[in-house]
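The block underneath contains the structure these notes are about, expressed in structure tokens.
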């Protein structure tokens, strides 16, 4: 339940923040194709700058997100941090990767630097606001976690 609450909050917040921009928000219904690894993945949320690039003229498989968000589950957090992040890093357009905890207010933000390294920043209640530099916007952590019950087992 927390996973869905966080996703819905993020969709609402991002849709409103990106209104009138050249960014497109996509959910896990759209497959992301990773050519270098010959894999298709379904991130929780993706944002595309400009027009989507489709794989082999398919309209259900894109190649070019600039930001990917995964809401962590106990069963997938290792994969999301490990192999999946390695696959995502092969996407030239990807500039930011967010891992959102559902067990506590914690977001790990990985941002690509100018020399193609990835910089980790952690966002906790003490910081209050997460900066999505790749989009030029910020979101309040309280809004992202609104309605989340940390006493629920995920």
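In the numbering used here, the protein residues as written are 2 to 155.
For each residue, glycine too, the CB sits at the ideal point set by N, CA and C.
Just grab the DSSP bridge partners of residue 139 for me.
Looking at the DSSP output, residue 139 bridges to 132.
Mind listing, in chain order, the continuous beta strand (DSSP E) runs of no fewer than 3 residues lying wholly within the stretch 28 to 75?
Unbroken beta strand (DSSP E) stretches of 3 residues or longer found wholly inside the stretch 28 to 75: 32 to 35, 40 to 42, 46 to 50, 66 to 72, given in chain order.
CB-CB under 8 Å to residue 119, same chain, minus the five flanking residues each way: which ones, in chain order?
The beta carbon of residue 119 sits closer than 8 Å to those of 90, 98, 111, 112, 113, all from its chain and outside the five residues before and after it, given in chain order.
To the nearest angstrom, report how far apart residue 76 and residue 55 are at their CA atoms.
When only Cα atoms are considered, residue 76 and residue 55 end up about 30 Å apart.
Where residue 88 falls: helix, strand or coil (DSSP)
Correct three-state label for residue 88: helix.
Local Cβ density within 10 Å of residue 93, reported as buried at 16 or more and exposed below that:
Classification of residue 93: exposed, given that the 10 Å Cβ count is below 16.
Measure the C-alpha to C-alpha separation of residue 48 and residue 33 and round it to an integer number of angstroms.
Computed Cα separation, rounded: 11 Å.
Where residue 106 falls: helix, strand or coil (DSSP):
If DSSP states are grouped into helix, strand and coil, residue 106 belongs with coil.
Under the DSSP definition of a beta bridge, which residues are partnered with residue 112?
Residue 112 is bridged to 97, 120.
What distance in whole Å lies between the Cβ atoms of residue 133 and residue 140, which are believed to be in contact at a cut-off of 8 Å?
A Cβ-Cβ distance of about 7 Å is found for the pair residue 140 and residue 133, placing them in contact under the 8 Å criterion.
Reference residue 7; option with closest CA among 127, 108, 122
Closest option to residue 7, judged by alpha-carbon separation, among 127, 108, 122: 108.
Contact between the stretch 59 to 67 and the stretch 4 to 23: three or more CB pairs below 8 Å?
Touching, no.
Pull up the DSSP beta-bridge partners for residue 20, would you.
Looking at the DSSP output, residue 20 bridges to nothing.
Measuring alpha carbon to alpha carbon, tell me which residue in 16, 153, 41 is nearest residue 59.
Ranked by Cα distance from residue 59, the options 16, 153, 41 are led by 41.
Take residue 45 as the anchor and find which of 36, 35, 31, 39 has the nearest alpha-carbon.
Nearest of 36, 35, 31, 39 to residue 45, Cα basis: 31.
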